[in-house]
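Undergrad: Residue numbers (this note's numbering): 758 to 1415. Questions regarding the structure given below will be posed in turn.
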Amino acid sequence: MSIYSIPPLVSSVLLFIFVTMGLFKGREKKENLLFSFVCLLGFFLNLDKTLLTILQDGNLSLMISRIDHFFLVFIIPLYLHFTSVITGRREYTLLYKTLYIVALFLAPLTQSDYYLKGVNRYFFGFFATPGPLFYIFGTLSALSVLLSLSVLLTSLRSEKVGLKRARIKYIILSIGVAAFVNHFDVLVMEGWEIYPLGNFVFLPMALLGYAIYKHDIMEWRIFLNRGLQFFVLLLFSGGIFTAFLTFAENIFGQNVGFWVKAFFAFLPTIIIFFAFKEKIQEWIVTVTLKEQIRRRQILKELSFSILRIRSVEEAKDIVFSRLGEIFSLSACEIRPCEKDEPTEPIRFLNENDPDWERGFRIGIFVPSEHFPSYLLLGEKKDLSLYTEEEIELLSILANNLALAMDNAHILRKLKEFTESLERMVEERTKALIRSESLAAVGRLASGVAHELNNPLGSVMSTIEYHLDRLDKKSSLYEDLDFCLRELRRADGIVKSLLQTARQRDEEKGPVDVHKAIDDALRILYTEYRKKQIEIVKSYSAKNPFIIGVHGRLCQVFINLIKNGIEAIGIDKGKIEIKTDNAQDGSVMVTVEDTGSGMDEETKANLFKPFFTTKAQGVGLGLYITYEIVRALNGQIRVESEKGKGTRFELTFPAYQRL
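See the structure below:
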């Protein structure tokens, strides 16, 4: 063996690895089986060339070449058959079947002088010389290669799926180039003393090995990793054997036969091989699988870590950042599925897909019950394709992401339900507190009513007696009449307090809000007329009627306006009262003052019974106001800020007059 034996030997070993991988996968896909047959013929051819660089017998060399070409003639239909299956072009079926028949007739003729008539001796070894029938094989083989390359190039331009495009591209650059280069060996067969270019087919075939390893275009990666280990170990042992054989040649020369020198080189080769075998295998795994192992581990950790996340957005953010870190992606997004959009577990995008234009190349379906989506991934930074293993891990990640998103949705619903329950409990607690306070108010009101009813009744009877005997035009009559009205209002307040505490229903009817406000202002006139307080009324409500009791509604406005008068005090100020109708027709009333305002703590306790900030106050005015408004199916809100006044907003359902 010489240095000239190494290129065809490397080519034959690499092709043998591809044959093995193709046969392992041949039962699953037809193209794998055909590919293995193409590589098998290439293996025979390069094994033939390797032996011809070693052998010293010309007749034996010719016999080996003829045996090789007995099988090699079938490369004519195999090229086109393999290309048709890879590209899905069925119009060449009849042609390659015809070529199989031609190869069958041509195969026996390869053993005659009409096909290979002899061998020539060159500096690198023997090489066959062609007979007239060889040119038929050469012509048909060249035409088959050119037609196959044309079909592959046409399919490459029309193919939309990235994985299939990559497969065709690498087949052109490997098998196509290897077949093309092999045809230059005809020059050597014609007598040109140059080293055969076809011996270097391991270079384009190594490109195919890279494509299988990097992109897994033939889905053989697991076999390629094993084959790569075998190939490296074979190169390692072959290199050692060649070194020792060369050393033996220099020592013994022609005094010792070839097989003795080969045995001398074989023994140390075996010892060194087994001494370094495991370390070489570990190194190969470290170099070839380190990145895959790292990605696989990170994807598995990510798949399990997102299950512990309690937020949909957080889960998405983590997936985006980690996938971008793992694959160095140009784009990554989780896109919700459109209504009635068909779903596929894996979608390889093409130029016609809208997501392609946004930089995405593959979509992994996220089967979430509440958020069905697609995990869209762009190209990797190294422009490599997604392998079958990576897609499988991404599918597991998508399933776990779906669980995480559904879990987060359920947790959010549970949180909202819990918060709703807490609010209900708080409202019921406040209602209970008000109920207990109301009971105390009821007991107080009963005592107050008992103590006040008799003196009020007596005073009112006395005034009524004198009014009957006075001239209605006298000033005293007007004063006594005003006093009587005020006493009756006081009597109504006592009864209102008692009715509020006992939560009694009384007969209700249409009440004019404007009239109730005017009556309240009339009653409070003596309290604000001597102060620097401006009363501004703005009645914009076209329908001011609500269902209620005039006296109780009047009491609401008396308490609110009086609260504003007291908040302004001796300062100059303004109380503005506005009415309007909301879009749904309800009656809105706003009572706003420019008084001292209140802090947050005061505002929070404003409507509680017995709560007051006044030295002489009892703390029932605004509480009674709140209860009256609620009894009228209304709402009351307060806005206030310390030093900037207070604003009460009341809303009542409107009475719709027929």
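Built from N, CA and C at the ideal position, the CB exists for glycine as well. Because the structure is a prediction, the values reported are computed rather than measured.
Asp1341: which of Arg1394, Phe1314 and Pro1410 sits nearest, CA to CA?
TA: Start at 1 with the first residue of the sequence shown, and residue 1341 comes out as number 584. Per the Cα distances, Pro1410.
Undergrad: Does the Cβ-Cβ distance between Leu873 and Pro889 come in under 8 Å?
TA: Working through the sequence shown from its first residue, we reach residue 873 at position 116. Working through the sequence shown from its first residue, we reach residue 889 at position 132. Contact flag unset, no.
Undergrad: With a 10 Å radius around its C-beta and 16 neighbouring C-beta atoms as the bar for buried, classify Arg924 as buried or exposed.
TA: Numbered from 1 along the sequence shown, position 167 holds the residue referred to as residue 924. By the neighbour-count rule (16 or more Cβ atoms within 10 Å), Arg924 is buried.
Undergrad: Leu771 to Thr999, Cα distance in whole Å?
TA: The residue labelled residue 771 in the question sits at position 14 within the sequence shown. The residue labelled residue 999 in the question sits at position 242 within the sequence shown. About 19 Å.
Undergrad: If you check the beta carbons only, do Leu1377 and Ile1393 fall under 8 Å apart?
TA: The residue you call residue 1377 lines up with position 620 of the sequence shown. The residue you call residue 1393 lines up with position 636 of the sequence shown. Result no, Cβ atoms of Leu1377 and Ile1393 do not sit closer than 8 Å.
Undergrad: Going by DSSP, what residue range makes up the beta strand (DSSP E) through Lys1335?
TA: Locating residue 1335 in the sequence shown gives position 578, counting from the first residue. Unbroken beta strand (DSSP E) run through Lys1335: Gly1330 to Asn1338.
Undergrad: Using DSSP with H/G/I as helix, E/B as strand and the rest coil, what is Leu1389?
TA: Start at 1 with the first residue of the sequence shown, and residue 1389 comes out as number 632. Three-state DSSP puts Leu1389 in coil, outside helix and strand.
Undergrad: Exposed or buried, Ala860, counting other C-beta atoms within 10 Å across all chains shown (16 or more means buried)?
TA: Position 103 of the sequence shown, counted from the start, is the residue given in the question as residue 860. It is buried - the Cβ of Ala860 has at least 16 other Cβ atoms within 10 Å.
Undergrad: Whether or not the region 864-878 and the region 800-807 are in contact is what I'm after, with contact meaning three or more pairs of Cβ atoms, one per stretch, closer than 8 Å; do they touch?
TA: Contact between the region 800-807 and the region 864-878 is absent, because fewer than three Cβ pairs lie under 8 Å.
Undergrad: Going by C-alpha to C-alpha distance, which of Glu1349, Glu1333 and Ser1353 sits closest to Ile1327?
TA: Position 570 of the sequence shown, counted from the first residue, corresponds to residue 1327. It is Ser1353.
Undergrad: Rounding to the nearest angstrom, what Cα-Cα distance links Met1181 and Lys1335 in this structure?
TA: Here residue 1181 corresponds to residue number 424 of the sequence shown, with the count starting at 1. Here residue 1335 corresponds to residue number 578 of the sequence shown, with the count starting at 1. Computed Cα separation, rounded: 33 Å.
Undergrad: Since Glu1333 contacts Val1293 with CB under 8 Å, what's their CB separation in whole angstroms?
TA: Residue numbering aside, residue 1333 sits at position 576 when the sequence shown is read from its first letter. Residue numbering aside, residue 1293 sits at position 536 when the sequence shown is read from its first letter. Confirmed, about 4 Å.
Undergrad: Could you tell me the alpha carbon to alpha carbon distance between Leu1150 and Tyr1143, rounded to whole angstroms?
TA: On the sequence shown, position 393 is the one that residue 1150 refers to. On the sequence shown, position 386 is the one that residue 1143 refers to. Taking the straight line joining both Cα atoms gives about 11 Å.
Undergrad: Any idea which residues DSSP pairs Arg1092 with across the strands?
TA: Against the sequence shown, residue 1092 aligns to sequence position 335. Answer is Tyr1131, bridged to Arg1092.
Undergrad: Hey, out of Tyr892, Ile893 and Met1345, whose CA is closest to Lys1299's CA?
TA: One-based indexing of the sequence shown puts residue 1299 at position 542. Of the candidates Tyr892, Ile893 and Met1345, the one whose C-alpha sits nearest the C-alpha of Lys1299 is Met1345.
Undergrad: Could you check the C-alpha separation between Leu829 and Phe891 for me, to the nearest Å?
TA: Walking along the sequence shown from the start, residue 829 turns up at place 72. Walking along the sequence shown from the start, residue 891 turns up at place 134. Straight-line Cα distance between these residues: approximately 11 Å.
Undergrad: Can you name, in chain order, every residue of its own chain whose Cβ lies under 8 Å from the Cβ of Met1217, other than the five neighbours on each side?
TA: Numbered from 1 along the sequence shown, position 460 holds the residue referred to as residue 1217. Excluding positions up to five away in sequence, the list reads Leu1241, Leu1244, Arg1245 and Asp1248.
Undergrad: Mind checking which residues open and close the beta strand (DSSP E) that includes Asp1350?
TA: Within the sequence shown, numbered from 1, the residue matching residue 1350 stands at position 593. Looking at the DSSP string, the run of the beta strand (DSSP E) that includes Asp1350 is Val1344 to Asp1350.
Undergrad: Going by the DSSP bridge assignment, what does Phe993 pair with across the sheet?
TA: Reading the sequence shown from its first residue, position 236 is the one you call residue 993. According to DSSP, Phe993 bridges with nothing at all.
Undergrad: Would Phe792 and Phe831 qualify as a contact pair, given that the criterion is a beta-carbon distance under 8 Å?
TA: In the sequence shown, residue 792 corresponds to position 35, counting from 1. In the sequence shown, residue 831 corresponds to position 74, counting from 1. Contact: no.
Undergrad: Measuring alpha carbon to alpha carbon, tell me which of Leu1133, Asp1225, Tyr1412 and Ser1152 ends up nearest Val1268.
TA: Here the question's residue 1268 lines up with position 511 in the sequence shown. The option with the nearest alpha carbon to Val1268 is Tyr1412.
Undergrad: Please state if the CB of Leu837 and the CB of Leu856 are separated by a distance shorter than 8 Å.
TA: On the sequence shown, residue 856 is found 99 positions in, with the first residue counted as 1. On the sequence shown, residue 837 is found 80 positions in, with the first residue counted as 1. A contact, by the Cβ cut-off of 8 Å.
Undergrad: Quick one: residues in its chain with C-beta nearer than 6 Å to the C-beta of Leu812, no 5 flanking neighbours on either side, listed in chain order?
TA: Along the sequence shown, read from residue 1 onward, the residue named residue 812 stands at position 55. Here the set comprises Ser818.
Undergrad: What is the C-beta distance between Tyr927 and Phe881, in whole angstroms, given that I count them as a contact (C-beta under 8 Å)?
TA: Within the sequence shown, numbered from 1, the residue matching residue 927 stands at position 170. Within the sequence shown, numbered from 1, the residue matching residue 881 stands at position 124. With a Cβ gap of about 30 Å, Tyr927 and Phe881 do not count as contacting.
Undergrad: So which of Ser1397, Arg1387 and Glu1357 has the shortest CA-CA distance to Val1348?
TA: By one-based count along the sequence shown, residue 1348 stands at place 591. Taking only the C-alpha atoms, the option nearest Val1348 is Ser1397.
Undergrad: Assign Arg1286 to one of two classes, buried (16 or more other C-beta atoms within 10 Å of its C-beta) or exposed (fewer than that).
TA: Position 529 of the sequence shown, counting from 1, holds the residue named residue 1286. With fewer than 16 Cβ atoms within 10 Å of its Cβ, Arg1286 is classed as exposed.
Undergrad: Is the separation between the beta-carbon of Ile1121 and that of Leu1106 shorter than 8 Å?
TA: Counted from its first residue, the sequence shown places residue 1121 at position 364. Counted from its first residue, the sequence shown places residue 1106 at position 349. Not a contact, by the Cβ cut-off of 8 Å.
Undergrad: Which of the three DSSP states, helix, strand or coil, is assigned to Leu1171?
TA: Indexing the sequence shown from 1 puts residue 1171 at position 414. It is helical.
Undergrad: Taking just the CA atoms, how far does Gly1010 sit from Phe883?
TA: Here residue 883 corresponds to residue number 126 of the sequence shown, with the count starting at 1. Here residue 1010 corresponds to residue number 253 of the sequence shown, with the count starting at 1. Rounded to the nearest angstrom, the two C-alpha atoms are 22 Å apart.
Undergrad: Please identify the residue among Asn1338, Leu1233, Ala1019 and Leu1056 whose C-alpha is closest to the C-alpha of Phe1302.
TA: The residue given as residue 1302 occupies position 545 in the sequence shown. With distances taken between Cα atoms, Phe1302 lies closest to Asn1338.
Undergrad: So the beta strand (DSSP E) Thr886 belongs to, where does it begin and stop?
TA: Taking the first residue of the sequence shown as position 1, residue 886 is located at position 129. Per DSSP, Thr886 belongs to the beta strand (DSSP E) from Gly882 to Pro887.
Undergrad: Let's see if you can read the secondary structure: which residues bound the alpha helix (DSSP H) around Glu1358?
TA: For the purposes of this step, residue 1358 is taken as the residue at position 601 of the sequence shown. Residues Glu1357 to Ala1361.
Undergrad: Given a cut-off of 8 Å on the beta-carbon distance, is the pair Glu1291 and Lys1331 in contact?
TA: Within the sequence shown, numbered from 1, the residue matching residue 1291 stands at position 534. Within the sequence shown, numbered from 1, the residue matching residue 1331 stands at position 574. Going by C-beta atoms, Glu1291 is nearer than 8 Å to Lys1331.
Undergrad: Spatial neighbours of Glu1101 within its chain, please: C-beta separation below 7 Å, excluding the five flanking residues on both sides.
TA: Numbered from its first residue, the sequence shown carries residue 1101 at position 344. Closer than 7 Å at the Cβ level, and outside the excluded window around Glu1101, lie Phe1122.
Undergrad: So Pro1410 is in the beta strand (DSSP E); what residue range does that whole segment cover?
TA: The sequence position of residue 1410 within the sequence shown is 653, counting from 1. Taken as a continuous stretch (DSSP letters only), Pro1410 belongs to no beta strand (DSSP E), as it is neither H nor E.
Undergrad: When the Cα atoms are used, what is the spatial distance from Asn1211 to Leu1363?
TA: Numbered from 1 along the sequence shown, position 454 holds the residue referred to as residue 1211. Numbered from 1 along the sequence shown, position 606 holds the residue referred to as residue 1363. Near 33 Å, if we compare the C-alpha coordinates of Leu1363 and Asn1211.
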